[in-house]
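Converting from the sequence shown to the numbering used here requires adding 2 to each position, the first position being numbered 1. Structure, as structure tokens:
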Amino acid sequence: MGALMTTRHTAMAADEDAQYLTFMLGGEMFAIGILGIKEIIEYGSLTVVPMMPAFVRGVINLRGAVVPVVDLSARFGRANSPITRRSCVIIIEASTEDSRPQDIGLLVDTVSAVQEIPAAQIEPPPSFGARIRADFIGGMAKVEGKFVIVLEVDKVLSIDEMSSLAESAQAPTLDLDPR
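The structure is reproduced here in structure tokens:
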């Protein structure tokens with residue numbers, strides 16, 4: 003599978019059309035803006051890291067750099083994604099709170115296409131009924147007669163939030179039952 007190379011830029015103005023990478027996850031179509039995507043790679047072997055949150059499947063070696071791989075399905079509170087021959091890892095450049103760049107891999111079921119979606123076709127996120135956290139949704143786009151969930155990648159991949167979840171997973175639990 004080939005790689006899609008782009009550079010990280012600030013968000014485009016709301017009245018402009020933007021390009022999005024669409025992908026499938028648990029039978030649903032999602033989209034993320036291509037400006038933060040560095041590349042797409044085939045799913046390969048991961049090194050499991052103990053005491054990480056369940057949504058961190060492990061790490062990969064990407065040209066000498068250690069890149070954590072987040073299972074988006076598990077990040078959304080669902081079951082882990084099954085690994086198939088079409089499973090892919092989308093490499094995203096995220097920022098820490100102190101603006102340091104950090105590459106993160108997103109495990110998805112399959113990558114669909116890069117599509118230009120006019121801003122006028124993206125509706126605000128629904129206030130109820132979504133099966134993922136509302137702050138993860140940037141909007142709902144209508145593409146070819148179907149709704150596509152446009153993700154707010156900075157919220158989904160909040161490194162600081164994921165770090166605090168990892169720390170809480172490592173914290174020893176206290177047995178307060180006096181029996």
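The C-beta atom is built at its ideal place from N, Cα and C for all residues, glycine as well.
With fewer than 16 other beta carbons inside 10 angstroms of its own, residue 149 counts as exposed. Taking the Cα of residue 96 as reference, the smallest distance to any Cα among 27, 34 and 25 is reached at 34. Residue 71 and residue 60 do touch by the CB rule: their CB atoms are close to 6 Å apart, below 8 Å.
Taking C-beta atoms as the reference points, residue 21 and residue 43 fail to come closer than 8 Å. Per the C-alpha coordinates, the member of 119, 28, 92 and 121 positioned closest to residue 105 is 92. Fully contained in the region 60-85 are the following alpha helix (DSSP H) runs of length 4 or more, in chain order: 74-77. Going by DSSP, residue 105 is part of no alpha helix (DSSP H) but of the beta strand (DSSP E) stretching over 103-110. For a cut-off of 8 Å, the C-beta gap from residue 138 to residue 158 is around 5 Å, short enough to register as a contact. The Cβ atoms of residue 134 and residue 94 lie no closer than 8 Å to each other. Shown here, residue 150 sits in a strand according to DSSP, grouped into three states.
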